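Single-structure report; data block below.
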Amino acid sequence: MSIPLQNTTKDKLLEAAVRVLNVHPGASLADVALRAGVKRVTLHRVIGTREDLLRELALRSLAQTDAACQHAVIGKAKSIDQLKAIVAALVPHAENCHFLWKNPDICDDPEIARDVKHHEKVLLTLIERVITEGHIQPSLSPKWVMASLDAVLYAAATTARQEDMPMEEASSLAVQTLFGGIKA
Numbered sequence: 003m004s005i006p007l008q009n010t011t012k013d014k015l016l017e018a019a020v021r022v023l024n025v026h027p028g029a030s031l032a033d034v035a036l037r038a039g040v041k042r043v044t045l046h047r048v049i050g051t052r053e054d055l056l057r058e059l060a061l062r063s064l065a066q067t068d069a070a071c072q073h074a075v076i077g078k079a080k081s082i083d084q085l086k087a088i089v090a091a092l093v094p095h096a097e098n099c100h101f102l103w104k105n106p107d108i109c110d111d112p113e114i115a116r117d118v119k120h121h122e123k124v125l126l127t128l129i130e131r132v133i134t135e136g137h138i139q140p141s142l143s144p145k146w147v148m149a150s151l152d153a154v155l156y157a158a159a160t161t162a163r164q165e166d167m168p169m170e171e172a173s174s175l176a177v178q179t180l181f182g183g184i185k186a
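Quick note: the sequence shown uses the working numbering, first residue 3, plus one each step.
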């Protein structure tokens, strides 16, 4: 479940679109409008075309995850604490990330591609520091750790939604799983 920015009609439409498109990437604007509880004409008036919707969703997702990450690391001096805080902060936004993963054509947009590359570079740099400082096994490449992080985020968001689990609990389990494993 992602967090609306303001709770406007546009935000409600975007929230509904993320939920619909994560399950059915080819869903029509009519499907999105139905899920949002509005008429298709309202969706067209507020958002525009399907391409406009996808672009808006991608930019919003990136802005939300960026803000969550920046806020999460405030006051965290150690790189491992920063990475754990980022993982916990991203769980509520994992559906937005999932939307981006399921719609890779969105990255054809130069602005979105630039933002995605920037996010990946920042996270990979932090992961490299955590590995260098000895908090993660040096035999694991930063890209492997990043892929593992993505998988844990997806698992946390999916489980939280399916089991009606509080996001705080899902975030805690994501950090525990990624950094402690699943051993007893």
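Even for Gly, the Cβ is constructed at its ideal location relative to N, Cα and C.
Only a predicted model underlies this, so the values are computations on that prediction, with no experimental measurement involved.
The continuous alpha helix (DSSP H) containing N98 extends over residues 96–104.
Just so you know, the alpha carbons of P27 and E165 end up roughly 23 Å apart. In the displayed model, M169 falls within a helix according to three-state DSSP. Here A38 carries a helix assignment [DSSP, helix/strand/coil]. With fewer than 16 other beta carbons inside 10 angstroms of its own, E53 counts as exposed. Exposure of H73 is indicated by the presence of fewer than 16 other C-beta atoms within 10 angstroms of its C-beta. Positions of the beta strand (DSSP E) runs, each at least 3 residues long and wholly inside the segment 104–158, cannot be given because no such run exists. Secondary structure of K12 (DSSP, three-state): helix.
By the C-beta density criterion, H95 is buried, having at least 16 other C-beta atoms within 10 angstroms. For I88, the enclosing alpha helix (DSSP H) has its first and last residue at 81–92. In this structure K86 is buried. Its beta-carbon is surrounded by 16 or more other beta-carbon atoms within 10 angstroms. If you draw a straight line from the Cα of V93 to the Cα of H46, it is about 30 Å long. S30: not part of any alpha helix (DSSP H); DSSP gives it neither H nor E.
Non-local beta-carbon contacts of A32 in its own chain, meaning distances under 7 Å to residues more than five positions away in sequence, involve R42 in chain order.
Excluding five sequence positions before and after M148, the CB atoms of its chain that fall closer than 7 Å to its own CB belong to L125, L126, I129, given in chain order. Nearest C-alpha to L155 among V177, G136, D111, L56: V177. Under the three-pair Cβ rule at 8 Å, the segment 132–142 does not count as touching the segment 61–75. Annotation for T67: the continuous alpha helix (DSSP H) segment containing it runs 52–74.
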